[in-house]
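Student:
Residue numbers (the working numbering): 523 to 721.
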């Protein structure tokens with residue numbers, strides 16, 4: 523099942539050289555945001571992907587500066603105090619944030635800038651940038667989401683339970699977003715994102 527529910531006219535989401543646009547992609551942990559983002563960037567290298575800053579440790583295969591900028595908690599807090607983040611949030615005991623200047627410069631230069639962020643950060647962006655296009659990725663079901671989170675085999679039971687509780691709360695916020703897309707099938711979900719951005 524796939525669902526695309528635009529709540530605004532999509533006429534202004536067509537690809538255009540200028541002005542740029544901020545696009546926010548969010549959804550619960552384990553829904554496949556990262557996989558969708560990688561596939562989207564592979565197909566559309568003209569998109570600018572904003573690399574987030576985090577205090578969590580790199581997972582196997584993650585590269586500093588490509589997947590995230592990995593920094594210390596004290597450095598992160600210093601950047602918050604200096605107003606260097608467009609948005610930031612604490613998730614599962616770690617900080618995540620979006621560097622302000624890099625994103626704004628790209629939007630000003632006419633690029634479509636894509637952020638893949640958590641719900642709290644997405645809400646911050648929506649309040650400070652109401653013109654941003656917001657997309658919420660939904661799982662086909664909570665059971666499927668649990669299967670995906672367990673399939674990562676990266677988290678202890680207690681962390682899985684916490685992620686699932688949080689996911690239920692986050693899914694209730696889906697209606698706040700311009701477009702909702704169910705990630706049941708990767709290709710179908712990807713096509714729906716493309717239709718939203720370029721259709």
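A virtual CB, placed ideally from N, CA and C, is assigned to each residue, including glycine.
Starting from residue 702, trace the beta strand (DSSP E) in both directions and tell me its first and last residue.
Tutor: Note, residue 702: beta strand (DSSP E), 701-704.
Student: Any idea if residue 470 is buried or exposed, counting beta-carbon neighbours within 10 angstroms, 16 or more meaning buried?
Tutor: Shown here, the chain extends from 523 to 721; a query on residue 470 therefore has no answer.
Student: Need the endpoints of the alpha helix (DSSP H) that residue 721 sits in, please.
Tutor: That residue, residue 721, is in no alpha helix (DSSP H); it is neither H nor E in DSSP.
Student: Quick one: grab the DSSP three-state call for residue 577.
Tutor: If DSSP states are grouped into helix, strand and coil, residue 577 belongs with coil.
Student: List the endpoints of the continuous alpha helix (DSSP H) containing residue 672.
Tutor: Residues 664-673.
Student: Give a yes or no on whether the C-beta atoms belonging to residue 554 and residue 708 are separated by under 8 Å.
Tutor: Yes, the Cβ-Cβ distance between residue 554 and residue 708 is below 8 Å.
Student: Pick helix, strand or coil for residue 548, following the three-state DSSP scheme.
Tutor: Strand, per DSSP.
Student: Whose C-beta lies closer than 7 Å to the C-beta of residue 606 among residues of the same chain, with five residues either side of it excluded?
Tutor: For residue 606, where only same-chain residues beyond five positions count, the Cβ hits under 7 Å are 621, 622.
Student: How about the segment 588-604 and the segment 641-660: do they share at least three Cβ pairs that are nearer than 8 Å?
Tutor: No, the segment 588-604 does not touch the segment 641-660.
Student: For the segment 545-564 against the segment 660-667, do three or more pairs of beta-carbon atoms, one drawn from each stretch, fall closer than 8 Å, so that the two count as touching?
Tutor: Verdict: yes, contact present.
Student: Relative to the alpha-carbon of residue 692, which residue among 624, 613, 636 has its alpha-carbon at the smallest distance?
Tutor: Selected option, being the one with the closest Cα: 613.
Student: Going by DSSP, what residues sit across from residue 645 in a beta bridge?
Tutor: According to DSSP, residue 645 bridges with nothing at all.
Student: Chain D beta carbons: is any one of them nearer than 8 Å to that of residue 546?
Tutor: Here chain D cannot be found, since the structure has a single protein chain.
Student: What is the rounded straight-line gap between the Cα of residue 570 and the Cα of residue 666?
Tutor: Looking at the two C-alpha atoms, the distance is approximately 30 Å.
Student: Report the rounded CA-to-CA distance for residue 575 versus residue 637, giving the unit in angstroms.
Tutor: Their Cα atoms are separated by approximately 12 Å.
Student: Applying the criterion that 16 or more other CB atoms from any shown protein chain within 10 Å of the CB defines a buried residue, is residue 525 buried or exposed?
Tutor: With a pLDDT of only 44 at residue 525, under the threshold of 50, the placement of this residue in the model should not be trusted, and no figure is reported.
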